[in-house]
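Residues 0 to 474 (numbering that gives the first Met the number 0) make up the sequence shown, in order.
Here a beta-carbon is modelled for each residue, glycine too, at the ideal position from N, C-alpha and C.
Some notes on the structure that comes next.
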Amino acid sequence: MNWLLFGIAVYIVVQLIIGLAVSRRVRGEEDYILAGRNVGFLLATFSIFATWFGAETCMGAAGEIYTDGLSAGSRDPFGYTLCLGLMALVFAVPLRRRRFNTLGDLFRTRYSPGVERLAVVLMVPTSVLWSAAQIRAFGQVLSATGDIPLVTTMTIATMVVIVYSVAGGMLADVVTDFVQGILLILGIVVLLIVVVSHAGGIQEFARTVDASRLNLFPSDVSPIAHLETWLVPICGSVVAQELISRVLSCKTPSVARRSCFAATALYFLIALIPTLLGLVGPHLLPGLDHAEQFLPRLAQAHLAPFLYVVFAGALVSAILSTIDSALLAAASLTCENLVASVRPQLSSRARLRISRGGVIVFGLIAWVLALESGGIFELVEEASAFGSSGVFTVVVFGLFTRLGGPLAAAAALITGMSVWLWGHYFAQIEWPYVSSLLAAIAAYAIISSVGWALPTIFAAGQNSRQPDDAARAEN
Numbered sequence: 000m001n002w003l004l005f006g007i008a009v010y011i012v013v014q015l016i017i018g019l020a021v022s023r024r025v026r027g028e029e030d031y032i033l034a035g036r037n038v039g040f041l042l043a044t045f046s047i048f049a050t051w052f053g054a055e056t057c058m059g060a061a062g063e064i065y066t067d068g069l070s071a072g073s074r075d076p077f078g079y080t081l082c083l084g085l086m087a088l089v090f091a092v093p094l095r096r097r098r099f100n101t102l103g104d105l106f107r108t109r110y111s112p113g114v115e116r117l118a119v120v121l122m123v124p125t126s127v128l129w130s131a132a133q134i135r136a137f138g139q140v141l142s143a144t145g146d147i148p149l150v151t152t153m154t155i156a157t158m159v160v161i162v163y164s165v166a167g168g169m170l171a172d173v174v175t176d177f178v179q180g181i182l183l184i185l186g187i188v189v190l191l192i193v194v195v196s197h198a199g200g201i202q203e204f205a206r207t208v209d210a211s212r213l214n215l216f217p218s219d220v221s222p223i224a225h226l227e228t229w230l231v232p233i234c235g236s237v238v239a240q241e242l243i244s245r246v247l248s249c250k251t252p253s254v255a256r257r258s259c260f261a262a263t264a265l266y267f268l269i270a271l272i273p274t275l276l277g278l279v280g281p282h283l284l285p286g287l288d289h290a291e292q293f294l295p296r297l298a299q300a301h302l303a304p305f306l307y308v309v310f311a312g313a314l315v316s317a318i319l320s321t322i323d324s325a326l327l328a329a330a331s332l333t334c335e336n337l338v339a340s341v342r343p344q345l346s347s348r349a350r351l352r353i354s355r356g357g358v359i360v361f362g363l364i365a366w367v368l369a370l371e372s373g374g375i376f377e378l379v380e381e382a383s384a385f386g387s388s389g390v391f392t393v394v395v396f397g398l399f400t401r402l403g404g405p406l407a408a409a410a411a412l413i414t415g416m417s418v419w420l421w422g423h424y425f426a427q428i429e430w431p432y433v434s435s436l437l438a439a440i441a442a443y444a445i446i447s448s449v450g451w452a453l454p455t456i457f458a459a460g461q462n463s464r465q466p467d468d469a470a471r472a473e474n
């Protein structure tokens, strides 16, 4: 088994070399966090796909479906596919047109620097949690390959990722994403073909699926619980900096939209493969102690050694890409919207150094979270839900309406976060995210209405303001 680990190590080193070579073109912060806003259709498509197709799809979702059937796949692949489609249809063009460096810039330009900092404080933990999920998945792949303790493999993963992320930035990320995406597609497709062949063909493969595992909407789950399951990946992830950074890196708004559409289709088609394999998993590999290791264990059992090295290396590379993106997102938000907002005189070089330092700090925090977590799916769910209900609400109102100002935005952010924390950790209700989303929308609408109504009432009584001025008072 050592030579398999050696093969995977060589594969990772090659990816690191590619990233380091490309990183020599990084001259400033815009190159580091947005690849100079010069990413074309093909690279953007594969970068979005490779970033989205991470641990939650190939490890977490496949393991959950292995255990609980298709109903466990409502978040991934179906929910996250809808998230990408929503980005393409609604958000990609208006975000790219505004030439933001990060999503945090929207909160500053539309509301205020205070709202910007509050939003970023809520957004950064999401990226760190997502990084932790990928680190855990990286460790699971190496652990399944070489029977190495999970703690050891996650520590190795963290060290590799920090080096990879600090050096490369977005410019290196999109190039390695392209290579990783192609190899990942080949590895997943080859695994499906080999497994179907070993099962005796498509018909025999299909017969191994228990019909009771095909129910996407179990009757014993309430409608609002279903809504909770679907809204977390859709609303929670469409405002993720990891996705938005790729939209902002595209050459034009048109390229951003077309790339998101293409990535949506590509993601859905390829993500269906782990879903199908997870459905037949109990028949293929019964009694796994760690369901998250299902996909690499399946590949190990069915692929020839050379093909397994290609598959495992591609899987690890895809996970590396996602960690890189998440750590870069956390670091860029911190530097651009927290540090630079306090010290606007910082040069591009200084911001670049701060961003790279942030990658190291957040990488170590993610490593600790990965060690303490109960599983990949748990981390991804936390990442998608943490604070995102308020962020989603404020982004939608901020991009598409003139309703509301800083007070309404701050109220929505604080209310959404508070209600989710209360519902998830303390009351432990069945639908904390739905509750937090409704509360955030209500808070924004109420504060906006009060802010509009009070000046209007005052103007009516004093006859000292024009109606249109009063209507804009909150804005």
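Whole-number beta carbon distance between residue j and residue i, since they are thought to touch under 8 Å
i, j, result
"Val393", "Ala171", "In fact, because the Cβ distance is near 32 Å, the residues do not count as touching under 8 Å."
"Gly167", "Gly357", "Their Cβ separation, rounded to whole angstroms, is 14 Å, which puts Gly167 and Gly357 out of contact at 8 Å."
"Leu61", "Ile318", "The sequence as given places Ala at residue 61; Leu does not occur at that position. About 13 Å separates the two Cβ atoms, so there is no contact after all."
"Leu297", "Leu276", "6 Å"
"Leu242", "Ile47", "7 Å"
"Phe45", "Gly180", "4 Å"
"Leu294", "Met122", "Contact doesn't hold; Cβ gap of about 30 Å is too wide."
"Asn336", "Glu115", "5 Å"
"Val140", "Val390", "That pair is no contact at about 31 Å."
Residue of the options minimising C-alpha distance to residue i
i, options, result
"Ala444", "Gly280, Trp421, Thr400", "Thr400"
"Ile161", "Pro93, Pro431, Ile440, Thr321", "Thr321"
"Asp323", "Gly113, Thr175, Thr333, Pro76", "Thr175"
"Leu81", "Thr263, Pro431, Ala411", "Thr263"
"Phe40", "Leu345, Val254, Ala411, Val449", "Val254"
"Leu287", "Gly138, Glu63, Ala442", "Glu63"
"Leu191", "Arg97, Leu278, Thr101", "Leu278"
"Phe385", "Ile7, Gly68, Ala118", "Ala118"
"Trp366", "Thr125, Tyr79, Ala91, Ala131", "Ala131"
"Leu402", "Gly450, Gly415, Arg342, Ser435", "Gly450"
"Ser354", "Ile32, Pro285, Gln202, Leu102", "Ile32"
"Gly235", "Pro431, Ile7, Ser447", "Pro431"
"Val433", "Leu85, Thr56, Val231, Leu370", "Val231"
"Gly72", "Ala439, Ala270, Tyr307", "Ala270"
"Arg212", "Ser331, Gly103, Pro304, Pro281", "Pro281"
"Gly35", "Tyr65, Leu102, Ile155, Val173", "Val173"
"Asp67", "Leu437, Phe216, Leu149", "Phe216"
"Ile272", "His289, Glu381, Pro148, Thr56", "Thr56"
"Ala49", "Leu437, Ala261, Val127", "Ala261"
"Val38", "Ser164, Leu247, Ala210, Val92", "Leu247"
"Leu363", "Ser164, Leu88, Leu85, Gln299", "Ser164"
DSSP three-state assignment for residue i, whether helix, strand or coil
i, result
"Val159", "helix"
"Val38", "strand"
"Phe52", "coil"
"Ser111", "coil"
"Gly180", "helix"
"Val148", "First, the amino acid is wrong: residue 148 is Pro here, not Val. Coil."
"Gly403", "coil"
"Gln344", "coil"
"Arg97", "coil"
"Ala472", "With a pLDDT of 42 at Ala472, under the threshold of 50, the predicted position of this residue should be treated as unreliable, though the coordinate-derived value follows. Three-state DSSP puts Ala472 in coil, outside helix and strand."
"Val189", "helix"
"Leu102", "coil"
"Ile47", "helix"
"Pro76", "helix"
Residue i, enclosing alpha helix (DSSP H) - first and last residue
i, result
"Leu284", "Segment: none, Leu284 is in no alpha helix (DSSP H) and carries neither H nor E."
"Trp421", "Taken as a continuous stretch (DSSP letters only), Trp421 belongs to no alpha helix (DSSP H), as it is neither H nor E."
"Tyr79", "79-85"
"Thr392", "387-399"
"Ile201", "201-206"
"Gly235", "222-237"
"Leu370", "347-371"
"Val246", "240-248"
"Ile269", "252-278"
"Asp30", "28-33"
"Phe310", "304-333"
"Arg296", "293-301"
"Val429", "In the sequence on display, residue 429 carries Glu and not Val. Element bounds for Glu429: n/a, residue is neither H nor E."
Min CB distance residue i to chain B below 8 Å
i, result
"Glu115", "The displayed structure is made up of one protein chain only, and chain B is not part of it."
Exercise. Taking three-plus beta-carbon pairs below 8 Å as touching, is the segment 1-14 in contact with the segment 306-316?
Worked result: yes
Exercise. If we count Cβ pairs, one from each stretch, closer than 8 Å, do we get three or more for the segment 409-426 versus the segment 147-160?
Worked result: no
Exercise. Between the segment 107-117 and the segment 216-225, are three or more C-beta pairs nearer than 8 Å?
Worked result: no
For this session: Inspect the CB distances between the segment 403-414 and the segment 192-203 and report whether three or more fall short of 8 Å.
Result: no
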